[in-house]
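Convert by adding 29 to the 1-based position in the sequence shown; the result is the number in our numbering.
Note that beta-carbon positions come from the ideal geometry of N, C-alpha and C, so glycine has one too.
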Amino acid sequence: MKEQLYTIPLNDAVNAGDECPFCFIERSIERDLLDFVLGSGSSYMEADIREMTDKAGFCRQHFQKMFDYGNTLGNAWILKTHYKKVIGEMKNEFAHFKPARLSFKDKLRKAGELNPLAGWVQKKEASCYICDHFAETYARYLDTFFYLWNQDDSFRQKVREGKGFCLHHFGDLCQAADSKLSNNTRDSFYETLLPLMERNMERLAEDVAWMVEKFDYRNKDADWKDSRDAIQRGMQKLKGGYPADGPYQMSK
Numbered sequence: 030m031k032e033q034l035y036t037i038p039l040n041d042a043v044n045a046g047d048e049c050p051f052c053f054i055e056r057s058i059e060r061d062l063l064d065f066v067l068g069s070g071s072s073y074m075e076a077d078i079r080e081m082t083d084k085a086g087f088c089r090q091h092f093q094k095m096f097d098y099g100n101t102l103g104n105a106w107i108l109k110t111h112y113k114k115v116i117g118e119m120k121n122e123f124a125h126f127k128p129a130r131l132s133f134k135d136k137l138r139k140a141g142e143l144n145p146l147a148g149w150v151q152k153k154e155a156s157c158y159i160c161d162h163f164a165e166t167y168a169r170y171l172d173t174f175f176y177l178w179n180q181d182d183s184f185r186q187k188v189r190e191g192k193g194f195c196l197h198h199f200g201d202l203c204q205a206a207d208s209k210l211s212n213n214t215r216d217s218f219y220e221t222l223l224p225l226m227e228r229n230m231e232r233l234a235e236d237v238a239w240m241v242e243k244f245d246y247r248n249k250d251a252d253w254k255d256s257r258d259a260i261q262r263g264m265q266k267l268k269g270g271y272p273a274d275g276p277y278q279m280s281k
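Below, the structure is given as structure tokens:
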């Protein structure tokens, strides 16, 4: 099947030989978004972009990654106008807030209800410009995966011969398969996916086990086999991501 522009990143991810093609894509998307928000293109100087970042804000994880990225001026511009937006909303919330006057029975009855100010904070914490854009892009890659699975024999073969997926993205694939595959195709998909996952989880378990054995003095001269990086790959397989990655930083 001839590659299309939108299928290239997914094929590249499958060809990379990673423990999980979707971890590979996730890292690439997130880095692209950090470059867009804070990189040399100076998107943070564009009023329409900052209007969107002011509204959505950023989660704790992505504030940390933005700090690590290293663009002091860009982060300052984003924070400057975002603070203005947040303080405006906060003053409005404060102006309409009245502390509850509750009896003991009311307190018991309303114990599970969210305080209005706590609800406003919770809503702010649930919003992140990078997370939101990643979710949209990731959904398109899931669609592309199943499109290729349906249409491209060579893609299916590469998946069969690959290292499977991390458990996190395996769950996403199982959830999406219910709506994106026909009954017959779904059966053959799971006939491939489940043995693939079992085989590769066992491979990781063996790599980790051999790393433990290498610390026995009797094995000090034995071959490391594939266990030198077993810890980070083992962690990735269980939860996704790249534990050994350092901060992604702005290009000099």
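- Message: Mapping the DSSP letters down to three states, classify lysine 281 as helix, strand or coil.
- Response: Lysine 281 carries a coil assignment under DSSP once its states are collapsed to helix, strand and coil.
- Item | Where methionine 74 falls, given that 16 or more other Cβ within 10 Å makes a residue buried | Counting Cβ neighbours within 10 Å, methionine 74 comes out exposed, since fewer than 16 surround it.
- Message: My output table needs one value for lysine 187: the three-state DSSP class, helix, strand or coil.
- Response: In the structure shown, lysine 187 sits in a helix (DSSP, three-state: H, G or I).
- Item | Local conformation of threonine 214 per DSSP, three classes | Helix, per DSSP.
- Item | CB-CB length for leucine 62 against methionine 95, believed under 8 Å | Not a contact, Cβ separation roughly 10 Å.
- Message: For threonine 82, which residues in the same chain have their Cβ closer than 6 Å to its Cβ, ignoring the five residues on either side in sequence?
- Response: In chain order, Ile107 and Tyr158 place their CB closer than 6 Å to the CB of threonine 82, counting only its own chain and leaving out the 5 sequence neighbours on each side.
- What are the boundary residues of the alpha helix (DSSP H) that includes leucine 67? Element bounds for leucine 67: 50 to 67.
- Message: At the level of alpha carbons, what is the spacing between serine 280 and aspartate 77?
- Response: Cα-Cα distance, rounded: 24 Å.
- In the DSSP assignment, find the unbroken alpha helix (DSSP H) run with threonine 82 in it and report its ends. If you look at threonine 82, you'll find it in the alpha helix (DSSP H) that goes 76 to 85.
- Given a cut-off of 9 Å, decide if glutamine 265 and cysteine 195 are closer than it, judged by their beta-carbon atoms. Yes. Within cutoff.
- Message: Please report the distance separating the alpha-carbon of glycine 70 from that of arginine 79.
- Response: CA-to-CA, the gap between glycine 70 and arginine 79 works out to about 14 Å.
- Message: Assuming phenylalanine 163 is part of the alpha helix (DSSP H), what are its boundary residues?
- Response: For phenylalanine 163, the uninterrupted alpha helix (DSSP H) run begins and ends at 158 to 180, by DSSP.
- Task: Would you kindly work out how many angstroms separate the C-alpha atoms of arginine 185 and tyrosine 271, rounded to a whole number?
- Result: Taking the straight line joining both Cα atoms gives about 25 Å.
- Runs of beta strand (DSSP E) lying entirely within the segment 86 to 133, each at least 3 residues, in chain order: As for any beta strand (DSSP E) of minimum length 3 sitting wholly inside the segment 86 to 133, there is none.
- When Gly103, Lys152 and Arg130 are compared against glutamate 122, the one with the closest alpha-carbon: Glutamate 122 has its Cα closest to that of Lys152, out of Gly103, Lys152 and Arg130.
- Helix, strand or coil: which one does DSSP assign to glutamate 142? Correct three-state label for glutamate 142: coil.
- Task: Round the Cβ separation of serine 156 and alanine 85 to the nearest angstrom and send it over; I've been treating them as touching at under 8 Å.
- Result: That belief holds up - the Cβ atoms of serine 156 and alanine 85 are roughly 5 Å apart, short of 8 Å.
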